[in-house]
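Converting from the sequence shown to this note's numbering requires adding 39 to each position, the first position being numbered 1.
Idealized CB from N, CA, C, for every residue including glycine.
Predicted, not measured: the structure shown is a model, and the values here were computed from it.
Structure first, commentary second.
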Amino acid sequence: MYLSAQNNKTVQRTIEFTPCGHVEVFVHCQKISCDTFCENLDPFFALESSTVNNFVDRIVAIVNKVRDVEVCSGFDDGQKYEEVWSSCPYGKIDDNPYQECRYVQTFRSLYCLRIVKKTKWRCTECTKVGPPLIRRAKAAAQEERSKFMAKKFLTREQTLKKLSDLRSELDKTKKKLTRVRERMQEVIKKQGVGVDHDISHDLLELLNSGSITPAQSVFLQQQIKASQLKNACGMRWHPTMVRLALSVHLTSPAAYNLLRETGMVRLPSARTLFDYSHARPIEEGIDRVVLEKLAERVFKMSNEVNSRTRKKENHKIYHVLMGDEMYISQNLIFQKSTGKIIGFTTLDHIDREVKVLEQCIDNYEKECEETMASKVMVYMVKGVSNGVKEVVATFAVGNMSAVQMNVWTWKVIGALERSGIAVVAFVCDGSSINRAFINSHTPADKHPSGIVFSTVNKCARNRKLYFLSDTPHLLKTIRNCFLNARWDKKKSREKRGKTLRKSYKLSPMNVYPDSYARMKVKYAGQVMSKTVSQDLIDQGWPEALETAGFIRRVNDWFDCLNGAHSSVAKKTRNENLAPYEHVDDKRFNVLQNFLDYLDEWSTEANNPNPSGAADASLNITIASNVGGLDESEIDQGGVSQKEETHVSLRQLSKQTLDGIRMTTVAFKPLVGFLLGEGVSFINARVFTQDPLEQHFSKVRAGQGGSTNPNLGQTLKRNRTLEVVGEMGMKRRKGNSGECFSNVEVTEDALPKRQSSRKPKIF
Numbered sequence: 040m041y042l043s044a045q046n047n048k049t050v051q052r053t054i055e056f057t058p059c060g061h062v063e064v065f066v067h068c069q070k071i072s073c074d075t076f077c078e079n080l081d082p083f084f085a086l087e088s089s090t091v092n093n094f095v096d097r098i099v100a101i102v103n104k105v106r107d108v109e110v111c112s113g114f115d116d117g118q119k120y121e122e123v124w125s126s127c128p129y130g131k132i133d134d135n136p137y138q139e140c141r142y143v144q145t146f147r148s149l150y151c152l153r154i155v156k157k158t159k160w161r162c163t164e165c166t167k168v169g170p171p172l173i174r175r176a177k178a179a180a181q182e183e184r185s186k187f188m189a190k191k192f193l194t195r196e197q198t199l200k201k202l203s204d205l206r207s208e209l210d211k212t213k214k215k216l217t218r219v220r221e222r223m224q225e226v227i228k229k230q231g232v233g234v235d236h237d238i239s240h241d242l243l244e245l246l247n248s249g250s251i252t253p254a255q256s257v258f259l260q261q262q263i264k265a266s267q268l269k270n271a272c273g274m275r276w277h278p279t280m281v282r283l284a285l286s287v288h289l290t291s292p293a294a295y296n297l298l299r300e301t302g303m304v305r306l307p308s309a310r311t312l313f314d315y316s317h318a319r320p321i322e323e324g325i326d327r328v329v330l331e332k333l334a335e336r337v338f339k340m341s342n343e344v345n346s347r348t349r350k351k352e353n354h355k356i357y358h359v360l361m362g363d364e365m366y367i368s369q370n371l372i373f374q375k376s377t378g379k380i381i382g383f384t385t386l387d388h389i390d391r392e393v394k395v396l397e398q399c400i401d402n403y404e405k406e407c408e409e410t411m412a413s414k415v416m417v418y419m420v421k422g423v424s425n426g427v428k429e430v431v432a433t434f435a436v437g438n439m440s441a442v443q444m445n446v447w448t449w450k451v452i453g454a455l456e457r458s459g460i461a462v463v464a465f466v467c468d469g470s471s472i473n474r475a476f477i478n479s480h481t482p483a484d485k486h487p488s489g490i491v492f493s494t495v496n497k498c499a500r501n502r503k504l505y506f507l508s509d510t511p512h513l514l515k516t517i518r519n520c521f522l523n524a525r526w527d528k529k530k531s532r533e534k535r536g537k538t539l540r541k542s543y544k545l546s547p548m549n550v551y552p553d554s555y556a557r558m559k560v561k562y563a564g565q566v567m568s569k570t571v572s573q574d575l576i577d578q579g580w581p582e583a584l585e586t587a588g589f590i591r592r593v594n595d596w597f598d599c600l601n602g603a604h605s606s607v608a609k610k611t612r613n614e615n616l617a618p619y620e621h622v623d624d625k626r627f628n629v630l631q632n633f634l635d636y637l638d639e640w641s642t643e644a645n646n647p648n649p650s651g652a653a654d655a656s657l658n659i660t661i662a663s664n665v666g667g668l669d670e671s672e673i674d675q676g677g678v679s680q681k682e683e684t685h686v687s688l689r690q691l692s693k694q695t696l697d698g699i700r701m702t703t704v705a706f707k708p709l710v711g712f713l714l715g716e717g718v719s720f721i722n723a724r725v726f727t728q729d730p731l732e733q734h735f736s737k738v739r740a741g742q743g744g745s746t747n748p749n750l751g752q753t754l755k756r757n758r759t760l761e762v763v764g765e766m767g768m769k770r771r772k773g774n775s776g777e778c779f780s781n782v783e784v785t786e787d788a789l790p791k792r793q794s795s796r797k798p799k800i801f
């Protein structure tokens, strides 16, 4: 027994019993829990003459249990890792001062339990220090460690070597910096541009007065550089400056020339812009140049490692494909670069053979004539979680059929899938051709209503393709159904408000719209708004309560499918516009409740009981006179004359109902799939045609007073917009959502058309 400064004796194991019955167990002078030794024993009691036998029996039982355990031997493993014991902060070295026979020297955890069963060698806490010791031993065996490794994980030799390498690298960097500084001074002396004192003072004052964006900095640098050159041919424009000039020239060539002629702003010449916008040839059909560039960009983004999760962002390969038609003028254009005449419709081999056969049946002797294109079918791809927005295909069409659309759409999807761009959804409007195209597919998921909202992706069999109708188009079709109904209460309220307007959103354009106002989403959104619904309730008209409820439901449904960006919900104080982050979001219940409401309305409208049908939903009777509607208005929410029945006059049009059901049913599984693939949040406006509408507005605006470009002009505008990039899509107003993205300064060089000057012949 050794001497000890503590109360208990310095022995391997100590058991102390007090006369009151309390027990304390010590191992290596460390108190341990005695609960395991007192299990299944009678409760302790004080030592008295009547309890001596029981007290002694209890002591014997506890002593026997203590003898049945062994002292933990720590993590020694034959002392293989003895060299790293001192550097591990999770334990301490035990030199065996108590002369244990199980070990000579060991490494014990700071939280060692001290005792184990006889069948065990070490406790669970000492087992946990094994992996850190093994890692440190392997690291110590390496001659060189990573320069980013923390000092606490290095041995003394490795630390000294790291400091030596850092000192050597620092000396090399200082020498390199000195050489670069000397070279820069030489370049400034030879090629530097002098700035007078006034300009220098103004620039310094501008820089010190406030912060400027990188785009503004590039603009100022380019203006100073261009103003100091004697010959404009020697100017080398920044890529961002070229994109800005192309964007301005695309919007208005006259305004661009005016800016250059005033001399207040230095801009590239029109010839320079021509070389950039015509660097790549225009291509009808699938644009291979854009597809290759887009595939490279998507591959780069999907392989980037997220700084927060330390994982690759593989979810950035998922995109939405949208398609829509735009009217063009029927003209033929001779393409000088290829020697071809463009302006005819695009037909594949099968369509061409069918057309020849039909013309031969009609008139065998008449030669087959090509049909000039009156519209273009444009396909745009948009990234779900990245900033991709590119037109990938343009087809010239006349009277397009669902068969042609089927061939072209899957051709585009196949090209995208082969390039590594995964397509998860197809978005279009509710035209008859689009509906026939969607209904021609075999549904991947059955729905009681019989609608087709998903199908197996033919180009990626392990993934589904979801079909969605453009939500702003659906909102316009719902409003058009109101236009074709007797909404006398709205008209009377608008007339009363001419002196003192209570419903500030409504105007004559909302109640009596012309053909252009019918196409404005803004007017449709103002009618189907929460403000109008609340005002109908405040008027106190009992017969308008159901109409007010319907408008409120449409408003909530549209907001749930129209979230633009992650902060719009806070700015507008509207939770329905927030991004989707969970598959159990409560807004999915709002969407399902709206579908249930429409189903109940349809059931009530189909009620054969005349008395029940008279009170059918909304207190709105659809007008039977639809002769004033053209085909486009019928497709956008009017009641088709072929489908006009007693039942259809008492509810929304079948086309509108099918579009609402298809979009709403497909939205939840699509969002769930994307969230499961790693997307942190989903903005609902990703699944709308806003980018494509913005593209069409840019193409039309580029023709000056003419808003009806021909096929050649459309293809050229597509190529110019592709060169301009995101800068050409900034639209604050129009028949689509606003774009809030800032101008991104990029150093990537733009492709430029090489001038081929022929030698003069004298």
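Option in E582, D574, T702 with minimal Cα separation from L630: T702
Inter-residue Cα distance where the pair is K428 and P552: 32 Å
Inside the stretch 344-374 only - beta strand (DSSP E) runs reaching at least 3 residues: 357-366, 372-374
Paired residues, beta bridge with V430 - DSSP: M419
Collapsed DSSP secondary structure at L507 in the structure displayed: strand
With 16 other Cβ atoms within 10 Å as the buried cut-off, status of Y150: exposed
Opening and closing residue of the alpha helix (DSSP H) in which S207 lies: 195-230
Cβ distance (whole Å) where K355 is taken to contact G422 below 8 Å: 7 Å
Between the CA atoms of A723 and N345 - distance to the nearest angstrom: 23 Å
Contact check, G698 vs L513, beta carbons under 8 Å: yes
Every unbroken alpha helix (DSSP H) within the stretch 138-199, with a cutoff of 4 residues, ordered by chain: 163-167, 169-180
Distance between L259 and S239 (C-alpha atoms, nearest Å): 12 Å
Distance between beta carbons of S479 and A441, contact taken as under 8 Å: 6 Å
Short Cβ contact (8 Å threshold) for V593 with I517: yes
Cut-off 7 Å between Cβ atoms - residues of its own chain near V143, not counting five sequence neighbours on either side: N135
contact_flag[the stretch 113-131, the stretch 83-94] where n(CB pairs < 8 Å) is 3 or more: no
Backbone secondary structure at K515 - three-state DSSP: helix
Extent of the continuous alpha helix (DSSP H) run through A740: 729-740
Residue environment, R689, which counts as buried when at least 16 other CB atoms sit within 10 Å: buried
Backbone secondary structure at T481 - three-state DSSP: coil
Min CB distance T90 to chain B below 8 Å: Absent from the structure is chain B; it holds one protein chain and no more.
Cβ contact check for the stretch 289-299 and the stretch 329-340: 3 or more pairs under 8 Å: no
N496 burial status per 10 Å Cβ neighbour count (16 or more: buried): buried
Buried versus exposed, by CB contacts within 10 Å (16 or more), T57: exposed
Beta-carbon spacing of I101, C77 below 8 Å: yes
Cα-Cα separation between M274 and K264, rounded to whole angstroms: 8 Å
Burial state of A788 (16 or more Cβ within 10 Å): exposed
Residues of its chain near E323, where Cβ-Cβ distance is below 8 Å and the 5 sequence neighbours each way are ignored: I381, T385, T433, F434, A435, L750, L754
Reference P170, options L205, P128, E585, K157, closest by Cα: P128
8 Å Cβ cutoff met for W160 and F146: no
The alpha helix (DSSP H) enclosing F465, as first and last residue numbers: Counting along the chain, F465 falls outside any alpha helix (DSSP H), though it belongs to the beta strand (DSSP E) covering 461-467.
Check whether R153 and V50 have beta carbons under 8 Å apart: no
D133: first and last residue of the uninterrupted beta strand (DSSP E) it sits in: 130-133
Per-residue DSSP class, three states only, for V560: helix
DSSP-derived helix/strand/coil call for M439: coil
Boundaries (first-last residue) of the beta strand (DSSP E) holding E63: 62-66
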